[in-house]
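If you use this note's numbering, the sequence shown corresponds to residues 200 to 791, in order. What follows is a short report on a single structure.
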Amino acid sequence: MTALELLSPARNADIGIAAIDCGADAVYIAAERFGARKDAGNPLSEVERLCAYAHLFGVKIYLTVNTILSDEEIDQVHEMMLRAQEAGVDAFIIRDMRICGWNDIKVPLHASTQCAIRDVETARACEQAGCSRIILERQLSLEQIRTICSAVDCEVECFVHGAICTGYSGECRLSEYLSGRSADRGECIQACRSLYDLEDAEGRILVRNKALLSLKDYNLRNRLEELADAGVCSFKIEGRLKNTSYVRNVVRDYSIGLDELVNRRPDDYRRLSWGVVEGGFEPDTRKTFNRGYTELYMDGKRGKWSSMDAPKSMGEAIGTVRQLRREPGHGMQFSVKPLQRGLELRNGDGFAIAVADGVTGFRGDVCEGLQVRCKDVPDLREGMTLYRNINTAFEKALETRLCHREIPVSLSVRIHGKYVLELCARTQDGRELCSPFHADVETAQNRERAEAMLREQLSKRSGVYHFSVDEIVVETAGSSLPLLSASTINGIRRLVAEDLQALIPAGSGSSRESLSAAERGRVFRPGRDKPAADGNSELMRSKYCIRYELGLCPKHQGAEPTGPLFLVNNGRRFALHFDCKACEMTLSPSQK
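Below you can see the structure in the form of structure tokens.
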């Protein structure tokens with residue numbers, strides 16, 4: 200049976216805890232440095248706090264150490280990893296394979312997606328270097344994923360949701376070229392979301408002022424079973440810079456998806472962690488940040504992957520604008536013709552429209568029914584499609600209707616003689632204990648009433664101990680029930696919960712085998728610069744193709760050859776190269 204893991208991002212410990220409460224099996228987070236997201240660092244004390252909470256449910260915590268490291272930083276990284284290991288992290292996500300030679304790092308090492316793992320050769324190299332898990336490139340087909348999974352013995356992790364880098368992970372130099380801020384050091388300026396003109400060799404502008412390199416967001420919610428059958432065990436959500444509401448919504452949705460898979464095929468799959476999520480909100484990933492969704496190259500076929508018209512979050516289309524009236528000095532008002540019945544607008548809802556140079560957003564100050572009053576938005580016109588990118592009612596539900604996670608416990612109550620009550624507990628994850636209690640009290644005259652009292656008080660939730668009783672068996676073997684007060688039974692329940700929690704292991708218990716001296720001598724550094732075929736330095740290589748996106752592909756769409764094409768942004772010019780044999784596009788510096 201394969202254990203399936205839903206892996207959530209966490210900008211900080213509180214977001215990590217929210218993800219765990221919503222059903223995450225693992226969380227990845229960064230320490231203060233070396234985590235490939237400069238604005239998502241955390242002191243190790245916070246990482247330790249997250250580990251303590253996670254391990255209550257068997258949830259694992261992975262620390263990202265996936266920047267390119269200089270020789271001067273190696274000792275600092277080593278010291279930090281030793282302290283993080285002591286704090287309870289269950290694995291490190293790494294890029295620099297020199298780390299694999301440190302035998303005092305006992306927890307598993309996972310090869311980051313920044314290692315540019317998109318073929319069997321690279322996957323095997325990372326495994327042989329000492330990684331117990333590889334994290335795949337996003338621009339792969341299901342067949343490619345299946346081939347890699349079958350070629351290695353280590354675990355395979357795959358992204359399933361969130362933003363997509365246009366260039367292959369770990370090989371994009373566009374940010375560093377433009378600004379000196381390297382994506383390999385966690386400082387990417389997200390140049391793929393910027394606006395560009397597309398020019399031909401004669402300088403004619405074919406497309407003006409579009410985010411031509413911007414991709415939609417990944418969404419493989421409907422492909423989880425296929426990925427699991429292919430050999431993927433960890434399903435990763437992107438977004439260490441995202442807020443709490445985003446993480447809650449996406450994690451809950453994918454957790455439900457994995458639960459459905461496990462319930463449908465219980466002989467094949469189980470969830471990695473423990474506990475049952477109760478209560479909360481109804482997730483809907485259409486209502487949280489997205490640039491539109493795509494499954495990218497999952498079926499090995501090209502599609503419309505670009506978000507060039509809306510590189511920011513548009514939200515969900517809710518209707519069209521009508522009855523627009525502008526009142527000079529007083530803003531404007533309009534009504535919405537809904538796309539679906541039941542649309543409800545609330546004060547403060549955020550709206551967006553597509554305009555020539557991207558997206559214009561605004562707030563609805565007063566929303567009554569389908570009527571909206573707000574400040575004047577000059578670009579708004581009747582007939583435009585209106586999107587809602589902030590749903591205040593949904594956001595309020597995310598903040599107030601919180602999920603809670605508890606570990607189911609089965610209780611067996613045995614009465615020995617007149618004065619001894621023994622309570623045996625077994626948790627979902629297999630911990631067991633039996634605790635005898637001396638009950639020097641009167642015998643209950645009304646047995647049914649006393650047993651009902653016992654069941655009612657033992658069934659109550661155990662507060663900070665995160666246990667819930669799903670079954671109670673009372674065995675008396677002919678003995679009478681003692682007459683116990685509600686407070687006494689509650690005290691017994693709290694003591695048993697406290698003893699159960701004490702049995703929770705401090706960590707996952709997993710470790711890696713030490714490497715031999717020969718293995719320590721092998722340094723594999725994936726994801727380094729590769730020269731372009733024409734000798735220019737590649738800034739980006741991608742499965743995404745601008746020619747295909749614009750209907751200009753001679754291979755798939757039968758279009759006439761365009762000749763050389765160039766992207767231009769603020770005086771910077773980049774040449775596009777099209778490797779039709781590999782069906783890839785590259786981007787390199789160009790001088791006019």
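Just so it is clear, CB atoms sit at the ideal spot from N, CA and C, and this is done for glycine as well. It should be emphasised that the depicted structure is a prediction, and the values quoted were computed from it without experimental measurement.
Spatial distance of residue i from residue j (CA atoms)
i: THR266; j: ARG236; result: 9 Å
i: ARG317; j: MET739; result: 15 Å
i: ILE333; j: LEU680; result: 57 Å
i: ARG294; j: VAL406; result: 38 Å
i: TRP504; j: SER512; result: 15 Å
i: CYS468; j: CYS602; result: Just to set this straight, residue 468 is Tyr in the shown sequence, not Cys. The alpha-carbon atoms of TYR468 and CYS602 are separated by roughly 24 Å.
i: GLU245; j: THR201; result: 31 Å
i: VAL319; j: GLY430; result: 14 Å
i: LEU569; j: LEU495; result: 35 Å
i: LEU653; j: LEU632; result: 19 Å
i: GLY438; j: ASN418; result: 13 Å
i: ALA217; j: THR591; result: 19 Å
i: VAL351; j: CYS314; result: 16 Å
i: GLY720; j: ASP270; result: Confidence at GLY720 is low in this model, with a pLDDT of 37, below 50, so its placement is unreliable and the value that follows should be read with caution. So the two alpha carbons sit approximately 16 Å from each other.
i: LEU702; j: ARG323; result: 38 Å
i: LEU767; j: GLN275; result: Correcting the residue identity first, residue 767 is Val in this sequence and not Leu. Their backbone Cα atoms lie some 41 Å apart in a straight line.
i: GLY750; j: GLN539; result: 32 Å
i: ASP399; j: GLY762; result: 7 Å
i: GLY222; j: VAL608; result: 18 Å
i: ARG660; j: SER381; result: 50 Å
i: ARG485; j: GLU515; result: 6 Å
Where the alpha helix (DSSP H) through residue i begins and ends
i: ILE347; result: 341–350
i: MET652; result: 646–657
i: ALA324; result: 319–328
i: VAL576; result: Taken as a continuous stretch (DSSP letters only), VAL576 belongs to no alpha helix (DSSP H), as it is neither H nor E.
i: HIS755; result: Here HIS755 belongs to no alpha helix (DSSP H), and DSSP marks it neither H nor E.
i: ALA202; result: Run containing ALA202: none in the alpha helix (DSSP H); it sits in the beta strand (DSSP E), 201–208.
Extent of the continuous beta strand (DSSP E) run through residue i
i: GLU567; result: 565–567
i: LYS415; result: Unbroken run through LYS415: none, as it is neither H nor E.
i: PHE593; result: Segment 591–599 is the alpha helix (DSSP H) holding PHE593; no beta strand (DSSP E) there.
i: GLU674; result: 666–674
i: GLU477; result: 475–477
i: TYR395; result: 395–399
i: ILE388; result: Segment: none, ILE388 is in no beta strand (DSSP E) and carries neither H nor E.
i: TYR261; result: 259–264
i: ASP778; result: 771–778
Member of the options whose CA lies at the smallest distance from the CA of residue i
i: GLY502; options: ASN408, TYR492, CYS633 and HIS615; result: TYR492
i: GLU477; options: SER444, ILE606, PHE777 and THR321; result: ILE606
i: ILE273; options: ILE298, GLY530 and ILE292; result: ILE298
i: SER311; options: CYS325, GLY300, LYS305 and ARG630; result: CYS325
i: ASP428; options: GLY479, ILE344 and PHE480; result: ILE344
i: PHE765; options: ALA758, LYS780, ALA286 and MET784; result: MET784
i: SER789; options: ASP778, PHE773, PHE777 and CYS782; result: PHE773
i: PHE799; options: GLN539, ARG540, PRO527 and LEU523; result: There is no way to answer for residue 799, as the model of the chain reaches only from 200 to 791.
i: ALA596; options: LYS659, LEU542 and TYR445; result: TYR445
i: ARG771; options: LEU394, TYR664 and LEU335; result: LEU394
i: VAL535; options: ALA685, GLY518 and VAL668; result: GLY518
i: THR626; options: GLY563, HIS776, VAL668 and ALA283; result: VAL668
i: ALA290; options: GLY300, ASN302, TYR261 and LEU281; result: TYR261
i: GLU375; options: ILE363, CYS391 and ALA362; result: CYS391
Outcome for residue i when other beta-carbon atoms lying within 10 angstroms are tallied against a minimum of 16
i: HIS360; result: buried
i: ARG600; result: exposed
i: GLU581; result: exposed
i: ASN769; result: exposed
i: ALA328; result: buried
i: VAL355; result: buried
i: ASP224; result: buried
i: PRO208; result: buried
i: ASN645; result: exposed
i: THR321; result: buried
i: ASP452; result: buried
i: PRO510; result: buried
i: PRO482; result: buried
i: LEU620; result: buried
i: THR448; result: Here the sequence assigns Asn to residue 448, which means Thr is not the residue at that position. The residue in question, ASN448, is buried, as its Cβ has 16 or more Cβ neighbours within 10 Å.
i: ARG525; result: exposed
i: GLN338; result: buried
i: ALA229; result: buried
i: GLY259; result: In the sequence under discussion, the amino acid at residue 259 is Lys, which differs from the Gly named in the question. LYS259 is buried by the Cβ-count criterion.
i: GLU737; result: buried
i: THR675; result: exposed
Any chain B beta carbon closer than 7 Å to residue i
i: LEU377; result: This model lacks chain B altogether, as it is built from one protein chain only.
Can you list the beta strand (DSSP E) stretches of 3 or more residues lying completely in the stretch 217–251, in chain order? Counting only runs of 3 or more, we get 225–229.
Whole alpha helix (DSSP H) runs in the stretch 423–466 with 4 or more residues, listed along the chain? Runs of alpha helix (DSSP H) with 4 or more residues, each lying fully within the stretch 423–466, are found at 423–429 and 443–463, listed in chain order.
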